[in-house]
Amino acid sequence: MSAGSQPISLTAFAEAITELPLGSLHAEAAKLQNDINKLLESNIALEAEKAVETEEGVRFLDEVIVENEGVVKSKEERIGLLKAEVEKRGQVWIDPGKKDEEEQAPVLNGTGHDAAEQQQEGGRDADGGVYL
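Position 95 of the sequence shown, counted from 1, bears residue number 95 in full-length UniProt numbering, the numbering being contiguous throughout.
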């Protein structure tokens, strides 16, 4: 990777995210988790490829796998910083790696309803307010 395309440092990342709105923090975490998933899938494919490679090819694939593992760790650290920022704001963290959406459903206006339930109720909350 060239020096010009290096990601920003964790310190600079932590500083930059303080300016982002809550939705952007969650969106960035989801993007990072997607990147992690793709890297892990890639490593599985690379491991399988090693079975048909020469010794030199296996060494190269091992290097790529190790590099991918380092990138995964870095992205996980960034997700941790995003989580800390969300919680610092007194908000609920929605783990982008969790598959159980029921457990992850955000609470809107303290009602415990998610957006789909709000729409089913005619777009009104328990107090008769309208969701836009």
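All C-beta atoms, glycine included, are put in the ideal place defined by N, C-alpha and C.
Let me know if residue i comes out buried or exposed under the rule of 16 or more other beta-carbons within 10 Å of its beta-carbon.
i	result
residue 75	buried
residue 10	exposed
residue 12	exposed
residue 21	exposed
residue 41	exposed
residue 28	buried
residue 8	exposed
Taking 8 Å as the cut-off, decide whether the C-beta atoms of residue i and residue j are in contact.
i	j	result
residue 64	residue 39	no
residue 6	residue 79	no
residue 96	residue 30	yes
My understanding is that residue i touches residue j, with C-beta atoms under 8 Å, so please give their C-beta distance in whole angstroms.
i	j	result
residue 36	residue 72	5 Å
| query | Are there three or more Cβ pairs, one per stretch, closer than 8 Å when the segment 51–62 is compared with the segment 86–94? | reply | no
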